[in-house]
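**Student:** Residue numbers for the sequence shown follow full-length UniProt numbering, beginning at 1 and rising by one. Just so it is clear, CB atoms sit at the ideal spot from N, CA and C, and this is done for glycine as well. Predicted, not measured: the structure shown is a model, and the values here were computed from it.
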Amino acid sequence: MGEPIPLRAKFSRRFYEPILLEVALRGIRPPNFSDTQRAPNTIRDSGDSTEQIFKYFVNRLAQVCDNLRGRNGATVTSIAVLEEPEGVHYIIGSNNRKAEKLHDVEVFVKELLNITAKSTHRQADRGLSVRKEALWHILKFDENRVRFYLTSTVEYLKLCIEDYDRKHGDKPSAEASNFRAQLSELTELLKFHEDKELDEPGYFAACEALFSFIYHAQLQKFGDSISEQARDDQIDSNKKWMELRHFVGRLQSYYLAVETIFRASRLWKRLFHDFKVTAIPSAPIHPHPLCRKRPVANEILGRMSSDEDRIARCRSLAAELQQFGLDEKLLTECNDLSQTHTVHSEVLILDYVLRYMQAAEDANFWNNWRYIGSSKPTCRLCNYYFTAHPSGVHVRESHNNLYPHWRAPDVFDEGAMKATEKLLDAVIKRTRADAMRSLESQIVQGRRFDSNSFSYQPPHKTATSVSELVSTFTSLGLIEEEDVRSTAAELHDQKEEVEVVFRGRRFLAARS
1 MGEPIPLRAK
11 FSRRFYEPIL
21 LEVALRGIRP
31 PNFSDTQRAP
41 NTIRDSGDST
51 EQIFKYFVNR
61 LAQVCDNLRG
71 RNGATVTSIA
81 VLEEPEGVHY
91 IIGSNNRKAE
101 KLHDVEVFVK
111 ELLNITAKST
121 HRQADRGLSV
131 RKEALWHILK
141 FDENRVRFYL
151 TSTVEYLKLC
161 IEDYDRKHGD
171 KPSAEASNFR
181 AQLSELTELL
191 KFHEDKELDE
201 PGYFAACEAL
211 FSFIYHAQLQ
221 KFGDSISEQA
231 RDDQIDSNKK
241 WMELRHFVGR
251 LQSYYLAVET
261 IFRASRLWKR
271 LFHDFKVTAI
281 PSAPIHPHPL
291 CRKRPVANEI
301 LGRMSSDEDR
311 IARCRSLAAE
321 LQQFGLDEKL
331 LTECNDLSQT
341 HTVHSEVLIL
351 DYVLRYMQAA
361 EDANFWNNWR
371 YIGSSKPTCR
381 LCNYYFTAHP
391 SGVHVRESHN
401 NLYPHWRAPD
411 VFDEGAMKAT
421 EKLLDAVIKR
431 TRADAMRSLE
441 SQIVQGRRFD
451 SNSFSYQPPH
461 KTATSVSELV
471 STFTSLGLIE
481 EEDVRSTAAE
491 LHDQKEEVEV
501 VFRGRRFLAA
511 RS
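(1) Can you check which of these residues, L219, V64, W241 and I372, is closest to R145 by C-alpha distance?
(2) Since V81 is in the beta strand (DSSP E), which residue starts that stretch and which ends it?
(3) Just mark L354 as buried or exposed, buried being the case when its beta carbon has 16 or more other beta carbons within 10 Å.
(4) Roughly how many whole angstroms lie between the Cα atoms of V23 and A297?
(5) Counting only beta-carbon atoms, is V353 nearer than 8 Å to chain D?
(6) Would you list the residues sitting across from I91 in a DSSP beta bridge?
(7) For the alpha helix (DSSP H) containing I428, list its first residue and its last residue.
(8) Touching or not, the stretch 278-290 and the stretch 99-110, by the rule of three or more beta carbon pairs under 8 Å?
(9) Quick one: Cα of F204 to Cα of T420, how far?
(10) Which word fits F324, buried or exposed, when buried means at least 16 other C-beta atoms lie within 10 angstroms of its C-beta?
(11) Counting Cβ pairs, one atom from each stretch, are 3 or more of them under 8 Å apart for the stretch 292-311 and the stretch 253-267?
(12) Ends of the alpha helix (DSSP H) at I300?
(13) Whose CA, out of T332, H286 and Y356, lies closest to the CA of H344?
(14) So within the stretch 169-215, which uninterrupted alpha helix (DSSP H) runs reach at least 4 residues, ignoring any that extend past its ends?
(15) Are there three or more Cβ pairs, one per stretch, closer than 8 Å when the stretch 307-317 is compared with the stretch 433-440?
(16) Identify, in the order they occur along the chain, each residue of the same chain with its Cβ nearer than 8 Å to the Cβ of I214, setting aside the five sequence neighbours on each side.
(17) Pick out whichever of W136, S227 and K167 has its Cα sitting closest to the Cα of F211.
(18) State the Cα-Cα distance for the pair L402 and L381, rounded to the nearest angstrom.
(19) Might you give, ordered along the chain, the residues of its own chain that have their beta carbon closer than 7 Å to the beta carbon of S225, omitting 5 neighbours on each side?
(20) Applying the criterion that 16 or more other CB atoms from any shown protein chain within 10 Å of the CB defines a buried residue, is R503 buried or exposed?
(21) Quick check on I27: does DSSP put it in helix, strand or coil?
(22) Answer yes or no: do H405 and H341 have a C-beta to C-beta separation smaller than 8 Å?
(23) Just list the beta strand (DSSP E) runs in the stretch 309-378, keeping only unbroken ones of 3 residues or longer that don't cross its boundaries, in chain order.
(24) Which of the three DSSP states is assigned to S398 in this structure?
(25) Helix, strand or coil: which one does DSSP assign to H405?
(26) Kindly identify the DSSP beta-bridge partner or partners of H288.
(27) Using the Cβ count rule (16 or more neighbours within 10 Å means buried), how would you classify N368?
(28) State buried or exposed for G73, treating a residue as buried only when at least 16 other CB atoms are found within 10 Å of its CB.
(29) Kindly indicate which three-state DSSP category I5 falls into: helix, strand or coil?
(30) Just how far apart, CA to CA, sit R26 and L331?
(31) Ends of the alpha helix (DSSP H) at H103?
(32) Here's the rule I'm using: 16 or more other beta-carbon atoms within 10 Å means buried, otherwise exposed. How should K167 be labelled?
(33) Alpha carbon to alpha carbon, how far is V411 from P4? Give it in angstroms, no decimals.
(34) Determine the direct distance from the alpha carbon of S441 to that of L139, and round the result to whole angstroms.
(35) Using a Cβ-Cβ cutoff of less than 8 Å, which residues in the same chain neighbour D413 once the five nearest sequence positions on both sides are dropped?
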């Protein structure tokens, strides 16, 4: 294929300068959140189509492939499902998964799909034994994440119980007593986490019992009760409850992932038979294109608009921010050698799949649903990229967070470079508008978490028809994730968290 063609230096400057400016702006002053930004990134789709159920399935499958927390989002995963004459083809890509681990994720997915396929032959117990096998298989592969979520839940649960008892004293209301009992039961169910002698089957069984409790507690508005506590006027108090709600929601997501995958198996048996799985290599990481440059806000703003009056106004605002080190932060950001640029998994998959389908004319998106599922909601730059892309491929709804260490996929000929620059030009228009609006209004876009803390969950029941399965999924939210894709964004999120006022589903329902 030859060596990739780099973006022209001038074009790279145009692309990254507005992104660089917004990152520097959010680093020198606290964000001013709107009510919408204070609310969790709850994704609700009222659609009840089978296509929507398929999207839930692909997202959940991607979620359980994203097995390592942190590491600059290395295992953030996206999946496309293709239909070929030989059967179904799952194509999996990650932000920066190690090459030697690609085989592991292929084997994991193949085995998970094979386990799920068994459920269609076990009607007597509704496939419950197979569900257990699938969950344990996921827990083994996702151990790094799950153990972190367990540790964090234990930590914040203890703090929250102390806070709750301090608030309510010895005479809580009946509703408060029920909630306190749920917190106590959760404490008991988490004790296994500290048992150093617990064997693997015992650990898996304890996780299963914990996830089931959280699922059924949420049916009794457990998440809403936590949210009520998080609305306390004391910042230190609401932070504890926000974190608890978040980590409990992450644990619950594994229960929901298994349910979603098994429901998909009842709708589409073909997805679980005669399939192949391909895990593609991640793209090479690159240093910042503006590395060793000395960008200054005054010059950047001069290239961002043809409106001279607006440029003058923005330059005046930027000048006021120099006392807080605006230009110094621009310089630090683009010359931080630890911050490498990554092709995000959604973009990686799109680039691969389009080239693959061009070479294999009999391959197409499964059921003609042009969708790439992901373990996380889409970031702002990916959202802009897919919106401008002529392929018409859809991805998860965006959480609107800006991850500055983003790059386009490699291209290897001038024709492809022209198409890429056209796409990135459309992105530039929007990032310039974002940066200038951020400067003028002092509102930074995005959310504390890249996720919902609790997905909506339908009642657990056995569905026997397509219409019942569809109905069950009508209000099922897309999956949630909290991990950021870059260290820069992670540090920013830590600074933001004390500013966020957590609001639960009751608040959202009241607004709608």
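**Tutor:** Reading off the structure:
(1) On the sequence shown, residue 145 is found 145 positions in, with the first residue counted as 1. Checking every option, the nearest Cα to that of R145 belongs to V64.
(2) Within the sequence shown, residue 81 is the residue found at index 81, counting from 1. First-last of the beta strand (DSSP E) with V81: T77 to E84.
(3) Residue 354 sits at position 354 when you count from the first residue of the sequence shown. Its Cβ having fewer than 16 others within 10 Å, L354 is exposed.
(4) In the sequence shown, the residue the question calls residue 23 occupies position 23. In the sequence shown, the residue the question calls residue 297 occupies position 297. Approximately 12 Å between the Cα atoms of the pair.
(5) Absent from the structure: chain D. Only one protein chain is present.
(6) Start at 1 with the first residue of the sequence shown, and residue 91 comes out as number 91. DSSP lists A80 and T278 as partners of I91.
(7) Translated into the one-based positions of the sequence shown, residue 428 becomes position 428. Where I428 is concerned, the enclosing alpha helix (DSSP H) starts and stops at E414 to S441.
(8) Yes, the stretch 278-290 touches the stretch 99-110.
(9) What you label residue 204 is simply residue 204 of the sequence shown in a count that begins at 1. What you label residue 420 is simply residue 420 of the sequence shown in a count that begins at 1. Approximately 47 Å, taken between the alpha carbons.
(10) As a position in the sequence shown, residue 324 is number 324, starting the count at 1. Under this definition F324 is an exposed residue.
(11) Contact between the stretch 292-311 and the stretch 253-267 is absent, with fewer than three C-beta pairs closer than 8 Å.
(12) For the purposes of this step, residue 300 is taken as the residue at position 300 of the sequence shown. In the DSSP assignment, I300 falls within the alpha helix (DSSP H) that extends over A297 to G302.
(13) For the purposes of this step, residue 344 is taken as the residue at position 344 of the sequence shown. It is H286 whose Cα lies nearest to the Cα of H344.
(14) Runs of the alpha helix (DSSP H) inside the stretch 169-215: 174-189.
(15) Result yes; three or more Cβ-Cβ pairs closer than 8 Å.
(16) Numbered from 1 along the sequence shown, position 214 holds the residue referred to as residue 214. Result list for I214: L186, F222, V248, L251, Q252 and Y255, in chain order.
(17) Position 211 of the sequence shown holds residue 211. Checking every option, the nearest Cα to that of F211 belongs to W136.
(18) One-based indexing of the sequence shown puts residue 402 at position 402. One-based indexing of the sequence shown puts residue 381 at position 381. Roughly 7 Å between the two C-alpha positions.
(19) Counting from 1 along the sequence shown, the entry for residue 225 is found at position 225. By the criterion of a C-beta distance shorter than 7 Å, S225 is surrounded in its chain by F179, once the five residues flanking it on both sides are discounted.
(20) Here residue 503 refers to the residue found at position 503 when the sequence shown is read from its first residue. With a pLDDT of 33 at R503, under the threshold of 50, the modelled position of this residue cannot be trusted, and the question is left open.
(21) Position 27 of the sequence shown, counted from the start, is the residue given in the question as residue 27. Checking the sequence, you will find Gly at residue 27 rather than Ile. Note: G27 maps to helix in three-state DSSP.
(22) For the purposes of this step, residue 405 is identified with residue 405 of the sequence shown, where counting begins at 1. For the purposes of this step, residue 341 is identified with residue 341 of the sequence shown, where counting begins at 1. Cβ atoms of H405 and H341: closer than 8 Å.
(23) The qualifying runs are 372-374.
(24) As a first step, residue 398 is located in the sequence shown; it is residue number 398 there, counting from the start. The answer is strand: DSSP assigns S398 an E or B state.
(25) In the sequence shown, the residue the question calls residue 405 occupies position 405. Here H405 sits in coil by DSSP.
(26) The count along the sequence shown starts at 1 and reaches residue 288 at position 288. In the DSSP output, where bridge partners are listed per residue, H288 has none listed.
(27) Within the sequence shown, residue 368 is the residue found at index 368, counting from 1. N368 should be labelled exposed.
(28) Indexing the sequence shown from 1 puts residue 73 at position 73. G73 should be labelled buried.
(29) By one-based count along the sequence shown, residue 5 stands at place 5. Per DSSP, reduced to three states, the secondary structure at I5 is coil, with no helix or strand assignment.
(30) Taking the sequence shown and counting its residues from 1, one reaches residue 26 at position 26. Taking the sequence shown and counting its residues from 1, one reaches residue 331 at position 331. Between the alpha carbons of R26 and L331 lies a distance of about 14 Å.
(31) Position 103 of the sequence shown, counted from the first residue, corresponds to residue 103. Start and end: L102 to A117.
(32) Position 167 of the sequence shown, counted from the first residue, corresponds to residue 167. Taking every protein chain shown into account, the CB of K167 has fewer than 16 other CB atoms within 10 angstroms, so this residue is exposed.
(33) As a first step, residue 4 must be located in the sequence shown, where it is residue number 4. As a first step, residue 411 must be located in the sequence shown, where it is residue number 411. Rounded to whole angstroms, P4 and V411 show a C-alpha spacing of 5 Å.
(34) Here the question's residue 139 lines up with position 139 in the sequence shown. Here the question's residue 441 lines up with position 441 in the sequence shown. Annotation: L139 to S441 spans about 45 Å, alpha carbon to alpha carbon.
(35) Your numbering for residue 413 matches position 413 in the sequence shown. Within the same chain, D413 has close Cβ partners I5.
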